[in-house]
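Report on the structure given below.
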Amino acid sequence: MFELRDSGLFYTPTTDSESRFLCGPIQVLGISRGDNGTKDYGLLVEWKNLDGICIRKLIPRRRIMNEKSNFVKELLLDTGLVISSRKGVWEPIISYLIQSRPKQRYKSSAQAGWLNNSFVTPSWCVSNGAEKVIYSGNKSNEFLSTSGTVSSWQKEVGSQCINNPILAFTVCVGLSAPLLHWLNWPSSGVHLFGKSKISKTTILILAASLYSGTNFYYTWRATENGLEATAVEHNDLLLCLDELHQAPPEVVDQSIYTLANGLSKMRSNKTITQDDIKNWRLLYLSTGEMGLEEKLAPIQKGVKAGQEIRFLEVPVQRKYGAYDELYGHKTMNDFSDSIWKAVKENHGTIMPKWIEYLSLIEDLSGLLAYRVHELRDKWQISKDNNHGSQVLEAAKRFALFGVAGEIAISAGLMPWPKGSGEHSAKIAFESWLEMRGSSNDSEDEKLLKEIPTALKRWRSKLLPEGQPLNDNFGYALDLEGKQAWFLTRQAFQNGLGIRYKQHISQAVKFMEEKSWMETNEGRDTFKRVVDGGPKGGRYYKVIPHRITEELALDETLSRAAFPC
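Okay, here's the thing in structure tokens:
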């Protein structure tokens, strides 16, 4: 029989024996289990140590009963629980723990993030359901530290974002991290870059202050060998990465895909189970002195279209480095120092309140989807306005950042005037678009650059109808006073510098949408019998005069170089 007294835990082996002191005060507060209720059971144990400090720990049941492990013994001794010096004391302590049946039940998760409408972190949880939730992973509860209050953060930190759109934007990015889950969007990042000594790290820690203190960020180099583990720890949270320029370009190139994919690598040296596959969904905020194109140049790699959307680059070049308003400080450095000081004293209080607010919104997924679409339309970003799919996707991301800021303002968490979140996101999006230089998709933009040269190549080796094709590029036929060119597949691909055959369809789709090409059989080609050409001939039909007119090119490029 066990008895918990103020002085500790006592054990009476039989009804006629004396009670024996086992250890200081210890009790099981609740029983946890995994989300499906069939595994990962644990005990939430609380005890007082030698200094009277209460310690609370979730201990897996399998580790309590493991005879080969001294885990529980070492844990209790290391944390200062008073233990009787009598022999055989540990067996009854273990029995007491494993036999306890408290009423309180918890759903547990070894990973931070959403658990239905509840949210789990190593440091705090927001329970919004029939059962409370609890974190069961290995990360320290100091992962997300807290200092100050919501009010003090608003006064000392948040208020500095007013009239400082880059600061407000980074906060909006931080607020958006837990929203990806509700939109079912993959992970992605925002990269703020500019010359050295313009306070890029300062704006990073300001965004981090939503979650924790000034140490809540990593350098790109530091995550080189542990990126997957770091990503798992930041599921549904913001991951802050500094100093892009210090990391090897090969690492940066691969890391962008790793973070976006959201799945750990399969290891070939062991049998893989479902539990071995780790996943994550996060937003990361990156800073550095260079953009991705410059970073990858030493390894002769260009920026792929997919990377452009996974890694949204925003140049930082405001009036005073990263700032527009210094709030009475004489220099940019003085203002940065004041932000560091404010964040050290005020951090980690906003995110629990933000999650609590979000968890109570009915149909959060529908609300976010509607607001994002609405804001993107307000910015007049649409296919009808000749914006490519990549620009549309990027605009959707920037719109989410703006929506997050506006919802936080409405919730009373951001001390900003209404419209500040939207305004900061629009400024960032316009900077991204201006740096990109075009509203077309990257592949389409490359195609546009190749077309004048392609027209020159094609016109030089086209034949009139009736001649054998041999090694020429195709035929130029007069149709209603204008030429139409019927090109072979190889001539079309090589002329536009298309390296891989699978990209031919992309080029055809782009040119057909602009009426520069025509097809007639539900595929990329145009089937036509051309005198002198191969039987059952299929060609790529290009209308050159439409290209030269729209691109204001020399009209001679629309006529084949032979007398017609």
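Each number in the working numbering comes from the position in the sequence shown (counting from 1) with 45 added on.
Yeah, the Cβ is synthetic: ideal placement off N, Cα and C, and Gly gets one too.
What is the rounded straight-line gap between the Cα of residue i and the Cα of residue j?
i, j, result
"Ala157", "Ser185", "12 angstroms"
"Thr316", "Lys323", "For Thr316, the predicted structure reports a pLDDT of 49, less than 50, and the residue's modelled location is therefore unreliable. A value from the coordinates is still provided. Their backbone Cα atoms lie some 15 angstroms apart in a straight line."
"Phe555", "Lys546", "15 angstroms"
"Val171", "Cys99", "22 angstroms"
"Pro513", "Asp523", "18 angstroms"
"Pro509", "Ala521", "6 angstroms"
"Ser62", "Tyr56", "10 angstroms"
"Gly456", "Ile179", "As written in the sequence, residue 456 is Ala, which differs from the Gly given in the question. Ala456 and Ile179: Cα-Cα distance of roughly 25 angstroms."
"Gln72", "Leu160", "27 angstroms"
"Trp230", "Ile592", "37 angstroms"
"Asp51", "Pro70", "7 angstroms"
"Ala292", "Gly271", "13 angstroms"
"Ile588", "Lys349", "29 angstroms"
"Glu48", "Thr194", "40 angstroms"
"Gln551", "Trp169", "48 angstroms"
"Glu566", "Pro497", "27 angstroms"
"Ala499", "Ala536", "9 angstroms"
"Ser313", "Arg107", "Residue placement at Ser313 is poorly supported in this model, since its pLDDT is 48, which falls under 50; the coordinates are not used for a value here."
"Leu259", "Asn391", "Before going on, a small fix: residue 259 reads as Thr here, not Leu. Roughly 10 angstroms separates the two Cα atoms."
"His590", "Leu596", "10 angstroms"
"Arg573", "Ala529", "12 angstroms"
"Ser465", "Glu479", "21 angstroms"
"Glu295", "Gln538", "30 angstroms"
"Gly336", "Pro343", "13 angstroms"
"Ser64", "Met46", "9 angstroms"
"Gly182", "Leu409", "27 angstroms"
"Tyr141", "Leu126", "15 angstroms"
"Asp85", "Val553", "54 angstroms"
"Ile454", "Gln345", "45 angstroms"
"Ser145", "Gln205", "51 angstroms"
"Lys118", "Gly53", "16 angstroms"
"Ile406", "Glu594", "53 angstroms"
"Ala387", "Asp429", "46 angstroms"
"Thr246", "Lys389", "14 angstroms"
Rounded to whole angstroms, how far is the Cβ of residue i from the Cβ of residue j, which I believe are closer than 8 angstroms?
i, j, result
"Val436", "Ile426", "7 angstroms"
"Leu237", "Ile248", "7 angstroms"
"Pro147", "Leu67", "Between Leu67 and Pro147 the Cβ distance is about 19 angstroms, and since that is not below 8 angstroms, they are no contact."
"Gly87", "Pro105", "5 angstroms"
"Arg150", "Gly75", "6 angstroms"
"Leu286", "Trp477", "That belief does not hold up - the Cβ atoms of Leu286 and Trp477 are roughly 18 angstroms apart, past 8 angstroms."
"Gly239", "Gln362", "6 angstroms"
"Glu438", "Ile354", "5 angstroms"
Less than 9 angstroms between the beta carbons of residue i and residue j, yes or no?
i, j, result
"Ala253", "Leu328", "no"
"Thr564", "Lys580", "no"
"Ser77", "Leu103", "yes"
"Leu413", "Leu224", "yes"
"Asp289", "Trp265", "Before going further, note that residue 289 is Leu rather than Asp in the sequence given. Yes, Cβ-Cβ distance for Leu289 and Trp265 is below 9 angstroms."
"Ile250", "Ile384", "yes"
"Ser241", "Thr268", "no"
"Gly519", "Tyr584", "yes"
"Glu370", "Ile207", "yes"
"Thr394", "Ser163", "no"
"Ser603", "Lys491", "no"
"Arg326", "Asp281", "yes"
"Glu338", "Gly347", "yes"
"Gly619", "Phe531", "Shown here, the chain extends from 46 to 609; a query on residue 619 therefore has no answer."
"Lys463", "Trp424", "no"
"Pro210", "Ser434", "no"
"Gly373", "Leu220", "no"
"Leu120", "Arg101", "no"
"Val218", "Leu330", "yes"
### Task
Run through the stretch 466 to 538 for me and flag every whole alpha helix (DSSP H) of 4 or more residues, listed as ranges in chain order.
You should have 487 to 505.
### Query
For the stretch 355 to 373 against the stretch 492 to 507, are there 3 or more C-beta pairs whose distance is under 8 angstroms?
Not touching, per the Cβ criterion.
### Task
Check whether the stretch 212 to 232 touches the stretch 445 to 463, taking contact to mean three or more Cβ pairs, one atom from each stretch, closer than 8 angstroms.
A contact exists between the stretch 212 to 232 and the stretch 445 to 463.
### Task
Assess, as a yes-or-no matter, whether the stretch 109 to 124 is touched by the stretch 180 to 194 under the definition of 3 or more beta carbon pairs within less than 8 angstroms.
Segment contact: the stretch 180 to 194 against the stretch 109 to 124, fewer than three CB-CB distances shorter than 8 angstroms; contact not assigned.
### Query
Just checking, does the stretch 302 to 309 make contact with the stretch 193 to 212 on the three C-beta pairs under 8 angstroms criterion?
No: fewer than three Cβ pairs fall under 8 angstroms.
### Task
Decide yes or no for the touch test of the stretch 266 to 279 against the stretch 397 to 414: beta carbon pairs closer than 8 angstroms, at least 3 of them.
Contact between the stretch 266 to 279 and the stretch 397 to 414 is not established, with fewer than three Cβ pairs separated by less than 8 angstroms.
### Query
Taking three-plus beta-carbon pairs below 8 angstroms as touching, is the stretch 224 to 234 in contact with the stretch 377 to 392?
Contact between the stretch 224 to 234 and the stretch 377 to 392 is absent: fewer than three C-beta pairs spanning the two stretches fall below 8 angstroms.
### Message
At 4 residues or longer, what runs of the alpha helix (DSSP H) sit wholly inside the stretch 314 to 374?
### Response
Segments of the alpha helix (DSSP H) lying fully in the stretch 314 to 374: 337 to 341 and 350 to 355.
### Completely contained alpha helix (DSSP H) runs for the stretch 242 to 272, where each covers 4 or more residues
As summarised for the stretch 242 to 272, the continuous alpha helix (DSSP H) elements at least 4 residues long and confined to that stretch are 245 to 253, given in chain order.
### Task
List in chain order: all unbroken alpha helix (DSSP H) runs of 4+ residues lying wholly within the stretch 74 to 113.
106 to 109, all fully within the stretch 74 to 113.
### Query
Where in the stretch 157 to 192 do unbroken runs of the beta strand (DSSP E), each at least 3 residues long, occur, reported from the N-terminal end onward?
Listed in chain order, they are 158 to 160, 163 to 165 and 177 to 180.
### Task
Let me know the beta strand (DSSP E) ranges lying completely inside the stretch 372 to 452, each 3 residues or longer, listed in chain order.
Assignment of beta strand (DSSP E) within the stretch 372 to 452, counting only whole runs of 3 or more residues, yields no such run.
### Task
Ignoring anything shorter than 3 residues or poking outside the stretch 537 to 597, list the beta strand (DSSP E) runs there in chain order.
You should have 583 to 587.
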